[in-house]
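Numbering (this note's numbering), first residue to last: 5 to 177.
Data first, discussion second: the structure below is written as structure tokens.
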Ligand code: FES
């Protein structure tokens, strides 16, 4: 059994007795691997006595689940009402244009996966983004550009530090 199969089996073993076990199992797999590999579907289906179609249906229904590995960084941009009112759509257009990719895709250099979200609970400080699980509020076009540059340039000297600085900007301001 390879490493990822072991992780999948472990996620199943830890969560299979929970009520509504499918979601906790899938979340545990994604938390550990960053995505739900295709070979997880038959394993999960078998363990929970579900059809593969049912498992696949849940993975595709909930946008939080990924079926392919994310980039080195995941940037979520809020497109819900409060953030929209504060300019998030312009940020969204800037982001997709700059990277030349669509939502839920990864930049060709593998640096950044971009995902839309619909409220990060940071509405008072909108527009908001989340970089690798860390919130940033009152994001301007310049801040967004800085985040993208830091993620893409991290292999250059100082780049890792720049990404960390952006994560540390979590003070939500
Ligand atoms: S609407 Fe964007 S954080 Fe709530």
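Each residue gets a CB set at the ideal place from its N, CA and C atoms; glycine is no exception.
Can you tell which of the options has its C-alpha closest to the C-alpha of residue i?
| i | options | result |
| --- | --- | --- |
| residue 110 | 71, 11 and 124 | 71 |
| residue 51 | 30, 108, 6 and 37 | 30 |
| residue 39 | 73, 23 and 49 | 73 |
| residue 94 | 125, 138 and 145 | 145 |
| residue 99 | 16, 37 and 147 | 147 |
Could you give the residue range of the beta strand (DSSP E) that holds residue i?
| i | result |
| --- | --- |
| residue 118 | 116-121 |
| residue 156 | Looking at the DSSP string, residue 156 is not in any beta strand (DSSP E); the run it does join, the alpha helix (DSSP H), is 145-156. |
| residue 140 | 138-140 |
| residue 50 | Where residue 50 is concerned, there is no enclosing beta strand (DSSP E), although the alpha helix (DSSP H) it sits in stretches over 44-52. |
| residue 99 | It is not in any beta strand (DSSP E) - residue 99 instead sits in the alpha helix (DSSP H) that spans 92-103. |
| residue 124 | Taken as a continuous stretch (DSSP letters only), residue 124 belongs to no beta strand (DSSP E), as it is neither H nor E. |
Please return the same chain residues whose Cβ sits closer than 6 Å to the Cβ of residue i, not counting the five positions on each side in sequence.
| i | result |
| --- | --- |
| residue 161 | Bear in mind that the predicted position of residue 161 carries a pLDDT of just 48, short of 50, making it unreliable; the figure below should be weighed with that in mind. Excluding residues within five positions, none has a Cβ falling inside 6 Å. |
Within 10 Å of its beta-carbon, does residue i have 16 or more other beta-carbons around it, so buried, or fewer, so exposed?
| i | result |
| --- | --- |
| residue 75 | buried |
| residue 18 | exposed |
| residue 141 | buried |
| residue 67 | exposed |
| residue 177 | Unreliable placement is indicated for residue 177, whose pLDDT of 47 sits below 50; the coordinate value is still reported in the next sentence. Residue 177 comes out exposed. |
| residue 41 | buried |
| residue 10 | exposed |
| residue 131 | buried |
Taking just the CA atoms, how far does residue j sit from residue i?
| i | j | result |
| --- | --- | --- |
| residue 127 | residue 35 | 25 Å |
| residue 13 | residue 25 | 14 Å |
| residue 101 | residue 56 | 36 Å |
| residue 89 | residue 79 | 20 Å |
| residue 49 | residue 107 | 28 Å |
| residue 156 | residue 47 | 35 Å |
| residue 54 | residue 62 | 11 Å |
| residue 43 | residue 135 | 28 Å |
Need the endpoints of the alpha helix (DSSP H) that residue i sits in, please.
| i | result |
| --- | --- |
| residue 87 | 85-89 |
| residue 60 | 56-65 |
| residue 22 | First-last for residue 22: undefined, no H or E at that position. |
Which same chain residues end up closer than 7 Å to residue i when comparing Cβ atoms and leaving out the 5 residues on each side of it in sequence?
| i | result |
| --- | --- |
| residue 21 | none |
| residue 45 | 56, 59 and 60 |
| residue 175 | Low confidence applies here, because residue 175 scores a pLDDT of 47, under 50, leaving its location unreliable; read the following figure in that light. Once the five neighbours on either side are set aside, residue 175 has no close Cβ partner at all. |
Excluding the 5 residues flanking residue i on each side, which residues of the same chain have their C-beta closer than 8 Å to its C-beta?
| i | result |
| --- | --- |
| residue 83 | 92, 93, 96, 120, 121 and 122 |
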